[in-house]
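Here the structure comes first, spelled out in structure tokens, and everything after it is commentary.
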Amino acid sequence: MTDNFLYFSKDVAKTLGLSEAVVLETIKKGVNSQNNQFIELRWILNETIFWNKKEVLTLLSKLQLKGLIIFDKDTKRITLVSSKRKIENSDSGRKAFEERKESFIEKNWEPNAALIDQANEYGISKSFVLSLVDEFIHLHREKSDTSHSWGIEFLRFVIKKWRKQEISDFKKLKRKAIDQSWQPDKEAIEILSKAGVNEEFIKEEIPEFILYWSEKGEESDTWNSKFIAQVRRQWAKTQHLIDNSELPEPISPNWKPSQDFYEVLALTEIDKAFANSVLSEFILYWRETGQAHNSWNSKFIQHVKYQWQKQEGFNQSQSLNDIDQRVKSTWEIKPKEKNPVNEVSSKEEI
Numbered sequence: 227m228t229d230n231f232l233y234f235s236k237d238v239a240k241t242l243g244l245s246e247a248v249v250l251e252t253i254k255k256g257v258n259s260q261n262n263q264f265i266e267l268r269w270i271l272n273e274t275i276f277w278n279k280k281e282v283l284t285l286l287s288k289l290q291l292k293g294l295i296i297f298d299k300d301t302k303r304i305t306l307v308s309s310k311r312k313i314e315n316s317d318s319g320r321k322a323f324e325e326r327k328e329s330f331i332e333k334n335w336e337p338n339a340a341l342i343d344q345a346n347e348y349g350i351s352k353s354f355v356l357s358l359v360d361e362f363i364h365l366h367r368e369k370s371d372t373s374h375s376w377g378i379e380f381l382r383f384v385i386k387k388w389r390k391q392e393i394s395d396f397k398k399l400k401r402k403a404i405d406q407s408w409q410p411d412k413e414a415i416e417i418l419s420k421a422g423v424n425e426e427f428i429k430e431e432i433p434e435f436i437l438y439w440s441e442k443g444e445e446s447d448t449w450n451s452k453f454i455a456q457v458r459r460q461w462a463k464t465q466h467l468i469d470n471s472e473l474p475e476p477i478s479p480n481w482k483p484s485q486d487f488y489e490v491l492a493l494t495e496i497d498k499a500f501a502n503s504v505l506s507e508f509i510l511y512w513r514e515t516g517q518a519h520n521s522w523n524s525k526f527i528q529h530v531k532y533q534w535q536k537q538e539g540f541n542q543s544q545s546l547n548d549i550d551q552r553v554k555s556t557w558e559i560k561p562k563e564k565n566p567v568n569e570v571s572s573k574e575e576i
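Everything in the sequence shown is counted per the numbering used here, starting at 227 for the first residue and increasing by one.
Below, the structure written as structure tokens:
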């Protein structure tokens, strides 16, 4: 630069932006030093070698939009807007910047080319800009608003709408239907484990969760959050069914579900009579396996739900393999579990 120093107030930099303030002050120095009403674009480019041409053009567009300069792209001349100077091409000047006086928005107001170019610098298409004109005019005419520059007001309005649209589009891209192979992530399992939910219980809930949301056909980007909420609800219901006995016990021949069981069953919309109809086979199976548990209520509700789903042809569009696999792990005799029935077998035989 011909002079290594530029002087401008911090208020100017705060209002316009530091880069815009530098360009504006450079233009002022050029106009004053050349004693002319305008300066050439090439002169500005030469004085601001720390920016490339595209960056300088962007800053000039911003200053023009703010009504501080007139940049004629055909002649590549830049003119300062000043009340003390007469601008030769007044028609071009009126189109390039908004009037500085406060005024109501006109019914047929429309953005000028400079404003559309400025919006394009933000990656906003011309069609998107023009699609918002009617809404913008209607909004401010209805409120009887006034402004020094409707161009600036409109650009802010467009940018705000564009950002909302981008966020909405991004969310839509992330939203998808649940996959049949979906699994909760490690964070979800960790949250549930810290809440005291049994890991086996978490795994057992996955197939039912997938089946439920597959049927609904809903799309989401928060499947893990939904799973956490569902497992917590189901776990709370199951815990309500756990007997007070601290030690696991084998099922007795005359075992009956508690009243709490039927209250939870009512939430599943399964008929009480149906539950009672499968009670005998449930007792028979567990007496034959000889396993002991401290919550026969929770085991029985799993059995009832399984039989109900099988009878109703639950989710006929896919096989019952998922349900069978889930219940198989519940009914499986696990080597680690104690088998108290063996200890009392001689008594039972008597």
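We treat Cβ as the ideally placed atom computed from N, Cα and C, and that holds for glycine.
- In this structure, the CA atom of ILE454 is about 53 angstroms from the CA atom of PHE330.
- If you look at ILE296, you'll find it in the beta strand (DSSP E) that goes 295-298.
- Where LEU267 is concerned, the enclosing alpha helix (DSSP H) starts and stops at 267-273.
- With a 10 Å radius around the Cβ and a threshold of 16 neighbouring Cβ atoms, ALA345 comes out buried.
- Residue pairing by DSSP places LYS402 opposite SER446 in a beta bridge.
- Under the 8 angstroms Cβ criterion, the stretch 433-448 does not count as touching the stretch 503-516, having fewer than three qualifying pairs.
- Fully enclosed alpha helix (DSSP H) runs of no fewer than 4 residues occupy 485-493 and 498-503 of the stretch 473-506, in order along the chain.
- Its Cα nearest to that of LYS531, the residue GLN460 stands out among SER451, GLN460, TRP481 and GLU514.
- The secondary-structure analysis by DSSP pairs THR372 across a beta bridge with PHE330.
- Sorting ASN278, SER370 and ASN261 by C-alpha distance to the C-alpha of SER245 places ASN278 at the top.
- Taking all protein chains shown into account, PRO479 has fewer than 16 neighbouring C-beta atoms within 10 Å of its C-beta and is therefore exposed.
- For the pair LEU306 and LEU267, the Cα-to-Cα distance works out to about 13 angstroms.
- LEU306 is bridged by DSSP to ILE295.
- Going by C-alpha positions, ILE436 is about 8 angstroms away from ASP405.
- For the pair GLN456 and ILE432, the CB atoms are not nearer than the 8 angstroms cut-off.
- Burial check for GLU426: the Cβ neighbour count within 10 Å stays below 16, so the residue is exposed.
- Cβ neighbours of ALA340 within its own chain (closer than 7 angstroms, five residues either side excluded): SER287, GLN290, LEU291 and ALA322.
- Ranked by Cα distance from PHE362, the options TRP376, LYS255, GLY349 and VAL257 are led by TRP376.
- Segment contact: the stretch 410-426 against the stretch 372-389, fewer than three CB-CB distances shorter than 8 angstroms; contact not assigned.
- In the structure shown, the three-state DSSP call for PHE380 is helix.
- Between ILE304 and ILE265, the C-beta spacing is below 8 angstroms.
- Excluding the 5 residues flanking it on each side, TRP439 has same chain C-beta neighbours closer than 6 angstroms at ILE404, in chain order.
- Rounded to whole angstroms, the gap between the alpha carbons of LYS525 and LYS402 is 34 angstroms.
- Sixteen is the threshold: since fewer than 16 other Cβ atoms of the shown chains lie within 10 Å of the Cβ of GLU416, the residue is exposed.
- Taking a contact as a CB-CB distance under 8 angstroms, the pair TRP534 and TRP481 does not count as one, their CB atoms being some 20 angstroms apart.
- Its Cα nearest to that of LEU271, the residue VAL248 stands out among VAL248, GLN263 and ASN262.
- Secondary structure note for ILE253: its alpha helix (DSSP H) is the uninterrupted segment 244-260.
- With a 10 Å radius around the Cβ and a threshold of 16 neighbouring Cβ atoms, ILE477 comes out buried.
- Across the structure, GLU430 and LYS390 are spaced so that their CA atoms are roughly 40 angstroms apart.
- The residue among ALA239, HIS364, PHE276 and TYR348 with its C-alpha nearest the C-alpha of TRP335 is HIS364.
- GLU347 and THR301 do not touch by the CB rule: their CB atoms are close to 22 angstroms apart, not below 8 angstroms.
- Under the DSSP assignment, PHE354 falls in the alpha helix (DSSP H) whose first and last residues are 352-357.
- Counting of Cβ neighbours within 10 angstroms places LEU510 among the exposed residues, the total staying below 16.
- Beta-bridge pairing by DSSP links HIS364 to no other residue.
- GLY516 is classed as buried because its beta carbon has at least 16 other beta carbons within 10 Å across all chains shown.
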